[in-house]
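Quick note: the sequence shown uses this note's numbering, first residue 72, plus one each step.
Idealized CB from N, CA, C, for every residue including glycine.
Keep in mind it's a predicted model, so treat the numbers as computed, not measured.
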Amino acid sequence: MSTTKEKERPKWDNKVQYLLTCIGFAVGLGNVWRFPYLCQIYGGGAFLIPYLIALVFQGLPLLYLELAIGQRLRQGSIGAWNCISPMLGGIGIASMVVSFLVSIFYNTILAWVLWYFFNSFQEPLPWSSCPLNVNSTGYNHECEVSTPVNYFWYRETLNITADIETSGSLRWWIILCQGTSWCIVYICFIKGIESMGKAVYVTTTFPSLVLTIFLTRALTLPGATDGLVYLFSPDWEILKNPKVWLDAATQIFFSLSVGFGGLIAFSSYNVEKNNCERDTLLVGIINSATSLYASISIFSILGFKAKNNYNSCVSQNIISLTNHFDIADQNITLDNYMDWVDYLNQTSPSDVASLDLRTCDLNTFLDQSASGTGLAFIVFTEAVIEMPGSQVWAVLFFIMLFSLGLSSMFGNIGGVLTPIQDLKLVPSWLPDEVVTAIVCLISFLIAIIFGMGSGNYWVEVFNSYVGSVPLLIIAFMEIIGVVYIRGLKTFKEDVFYMTGKTPNIFWVSCWMVISPVMLFVVLIAYVIIQAQEHPMYPAWNPDYELFPQTETKPYPNWVFAIIILLSTVPVLPIVLVPLYKLIRYGRTGAPAEANPTPYFNEGFEIETQGTRN
72 MSTTKEKERP KWDNKVQYLL TCIGFAVGLG NVWRFPYLCQ IYGGGAFLIP YLIALVFQGL
132 PLLYLELAIG QRLRQGSIGA WNCISPMLGG IGIASMVVSF LVSIFYNTIL AWVLWYFFNS
192 FQEPLPWSSC PLNVNSTGYN HECEVSTPVN YFWYRETLNI TADIETSGSL RWWIILCQGT
252 SWCIVYICFI KGIESMGKAV YVTTTFPSLV LTIFLTRALT LPGATDGLVY LFSPDWEILK
312 NPKVWLDAAT QIFFSLSVGF GGLIAFSSYN VEKNNCERDT LLVGIINSAT SLYASISIFS
372 ILGFKAKNNY NSCVSQNIIS LTNHFDIADQ NITLDNYMDW VDYLNQTSPS DVASLDLRTC
432 DLNTFLDQSA SGTGLAFIVF TEAVIEMPGS QVWAVLFFIM LFSLGLSSMF GNIGGVLTPI
492 QDLKLVPSWL PDEVVTAIVC LISFLIAIIF GMGSGNYWVE VFNSYVGSVP LLIIAFMEII
552 GVVYIRGLKT FKEDVFYMTG KTPNIFWVSC WMVISPVMLF VVLIAYVIIQ AQEHPMYPAW
612 NPDYELFPQT ETKPYPNWVF AIIILLSTVP VLPIVLVPLY KLIRYGRTGA PAEANPTPYF
672 NEGFEIETQG TRN
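Now the structure itself:
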């Protein structure tokens with residue numbers, strides 16, 4: 072790249088924009104609905120131990136590495152890895168492909184959020200009661216045997232099919248929301264970092280404000296303490312389960328959004344003289360703190376929901392006892408219910424047994440908390456119904472979710488557009504605004520598959536397999552490429568040039584040994600676990616009387632073949648690019664005149680002309 076071109080590269084207006092963009096990319100929907108779930112199922116507070124270990128020894132070193140190489144080489148993911156070595160250009164291509172595939176299904180989740188947001192202005196909320204049946208003689212039976220919340224999600228929103236093989240027709244309301252969501256992404260990204268840098272002031276800060284409002288309100292709700300005790304009560308025995316450590320490692324890895332290429336792209340617009348080590352610690356700590364902060368808010372509300380369900384369960388039992396034993400004048404209440412049950416079991420055990428009373432246990436209701444879409448669109452919406460001013464809380468909640476997802480989408484789209492623009496993969500006369508529009512339009516057209524009746528099943532497929540093995544392999548190769556191909560000595564000189572200090576022994580030991588070993592172990596363990604059995608998925612069976620219960624089915628062979636492709640095709644460039652260059656250019660990997668300089672001392676510009684032609 073020429074000196075003039077280098078000086079013309081866009082830059083952030085200020086450091087705050089850059090940090091907010093990186094934080095927004097890292098802090099996403101997983102912080103709200105994945106981390107709390109992992110804490111809940113893996114021993115509450117005990118889960119924080121493997122999580123923090125993974126953060127310190129795996130997440131932060133990888134985050135530091137990506138921010139540093141992007142800032143130093145001032146290229147997107149493909150250009151940066153070509154600068155390090157022409158043989159590593161496939162890493163950047165792999166990151167771009169993963170970012171593209173993730174953005175396709177991730178934006179569909181934002182479409183669901185928009186659909187709920189639009190419906191949150193109705194009075195009453197449409198998921199608060201069952202609709203009338205066709206003859207208007209009563210309520211819809213399917214809704215009555217489940218709950219209004221379940222019915223609105225499975226029927227009114229997804230109109231889900233019985234299994235992944237039954238596609239169903241296009242759901243026009245989902246397609247419309249998908250188009251709206253992509254339009255919003257395009258508007259925010261139309262001027263690149265110039266427009267995106269201004270959008271992050273809202274998309275990154277607003278969720279924190281809403282979480283604070285929710286926390287303040289949630290802590291005052293009855294049952295909030297029960298939810299927090301349930302969340303943070305440590306179960307140390309569960310740490311003996313190796314899957315806990317595996318999930319902690321993958322959670323921190325995906326939570327920080329390393330491997331997508333977006334962080335490299337964002338840092339490439341930085342000034343070269345910037346303390347990327349401090350940025351790493353700031354982004355990493357805020358990301359993890361947000362996960363914990365969101366967990367407190369979420370489980371306070373889930374505790375409130377569980378308490379209401381418990382009280383409702385007990386109230387129904389009290390009515391049964393009062394009617395059967397004719398003891399209405401004895402005033403059975405929630406407080407003395409258990410005393411009455413014990414007394415009646417002693418005096419009339421057969422009568423009590425004949426009533427078939429419901430089992431009311433608070434922990435059982437707390438166990439019903441869910442992750443992913445179940446938490447956002449079922450559990451939380453049900454809790455909101457019980458809150459005073461439910462419309463306001465619903466609107467705030469879905470605006471928060473959309474803001475979180477939108478800021479993450481900036482990183483995914485940036486991981487696609489920056490390499491395209493840097494490597495001149497489109498004609499120079501084509502404006503960047505048009506390139507962005509083409510990428511968004513192509514993504515929208517492909518994402519139509521998620522707008523069918525089987526769309527939710529395909530979202531789960533993409534979510535489970537695009538963002539797993541490919542990202543682990545990309546991250547492992549990044550460390551190997553920087554430390555053992557570019558050379559640790561050279562990389563340390565890069566960091567010294569940018570920050571004025573050499574990385575300490577902690578960072579060096581992580582880059583050289585700890586992080587690659589952890590990544591390799593996690594990758595092998597993940598593959599072994601996945602290979603032990605044929606992939607399964609929960610399919611809704613419409614024949615079940617208790618809608619919307621599901622039955623676990625194996626993926627059809629043709630879907631399993633797609634899963635294999637989604638897990639392998641994105642990382643094929645890591646192997647194919649060096650193989651192609653070896654065949655074409657011999658052992659050097661490229662013509663001698665086209666090899667980029669592997670290291671540039673202060674005062675020299677980055678020369679990448681050969682890699683961009």
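Distance between beta carbons of residue j and residue i, contact taken as under 8 Å
i	j	result
Leu327	Gly298	No, Leu327 and Gly298 are not in contact; Cβ-Cβ is about 27 Å, not under 8 Å.
Tyr113	Asp438	13 Å between Cβ atoms; not a contact.
Gly130	Phe303	Their Cβ separation, rounded to whole angstroms, is 22 Å, which puts Gly130 and Phe303 out of contact at 8 Å.
Phe685	Val530	Summary: the structure shown does not reach residue 685, with the chain confined to residues 72 through 684, and so no result is reported for it.
Val640	Tyr597	Their Cβ separation, rounded to whole angstroms, is 18 Å, which puts Val640 and Tyr597 out of contact at 8 Å.
Asn483	Phe176	That pair is no contact at about 10 Å.
Cys347	Leu138	4 Å
Asn358	Ala97	4 Å
Phe515	Gln249	6 Å
Phe567	Thr561	In fact, because the Cβ distance is near 11 Å, the residues do not count as touching under 8 Å.
Cys511	Val256	6 Å
Per DSSP, cross-strand counterpart(s) of residue i
i	result
Glu348	Note: Glu348 sits in no beta bridge, so no partner.
Tyr608	Lys624
Tyr210	Leu203
Met523	Leu241
Through-space distance from residue j to residue i, alpha-carbon basis
i	j	result
Leu100	Pro278	11 Å
Leu559	Phe468	45 Å
Ile120	Leu310	9 Å
Met548	Ile600	22 Å
Asn221	Val184	16 Å
Gly538	His395	56 Å
Leu91	Asn206	54 Å
Asn590	Leu647	Residue identity differs from the one stated: residue 590 is Leu in this sequence, not Asn. Each residue's Cα considered, the two are about 22 Å apart.
Leu241	Ile519	8 Å
Ala233	Ile449	19 Å
Trp253	Ala465	22 Å
Cys110	Phe128	20 Å
Val554	Arg349	21 Å
Val169	His212	43 Å
Ile491	Gly141	15 Å
Thr74	Ala125	Residue confidence is low: Thr74 scores 40 on pLDDT, short of 50, so the model does not pin down where it sits. Its coordinate-derived value is still stated next. One C-alpha to the other measures close to 41 Å.
Leu594	Asp427	49 Å
Trp611	Ile231	8 Å
Phe436	Met583	46 Å
Phe260	Tyr122	33 Å
Thr276	Thr361	12 Å
Asn527	Ile245	11 Å
Leu477	Pro459	28 Å
Ala663	Leu542	Residue confidence for Ala663 is low, a pLDDT of 43 falling below 50, so the modelled location carries little weight and cannot support an answer.
Lys314	Asn204	46 Å
Asp410	Asn416	10 Å
Thr321	Gly95	19 Å
CB of residue i within 8 Å of CB of residue j, strictly
i	j	result
Leu134	Val329	yes
Ser238	Leu292	no
Glu453	Lys376	yes
Gln146	Ser461	no
Ile403	Thr393	yes
Ser474	Val173	no
Pro81	Ile264	yes
Trp307	Ala117	yes
Ile235	Tyr608	yes
Pro587	Ile551	yes
Leu405	Val385	yes
Gly571	Phe337	no
Ser191	Gly332	no
Cys431	Asn379	no
Ile556	Ser156	yes
Ile24	Val281	In the structure as shown, the chain begins at 72 and stops at 684. Residue 24 is therefore absent and cannot be evaluated.
Ile164	Pro627	no
Tyr301	Gly374	yes
Any 3 or more C-beta pairs closer than 8 Å across the region 157-168 and the region 640-657: yes
Determine contact between the region 364-379 and the region 521-534, defined as no fewer than three beta-carbon pairs at a distance below 8 Å. no
Could you tell me whether the region 197-204 touches the region 171-180, using the rule of 3 or more Cβ pairs below 8 Å? no
May I ask you to verify whether the region 81-91 touches the region 253-268, counting CB pairs closer than 8 Å and requiring at least 3? yes
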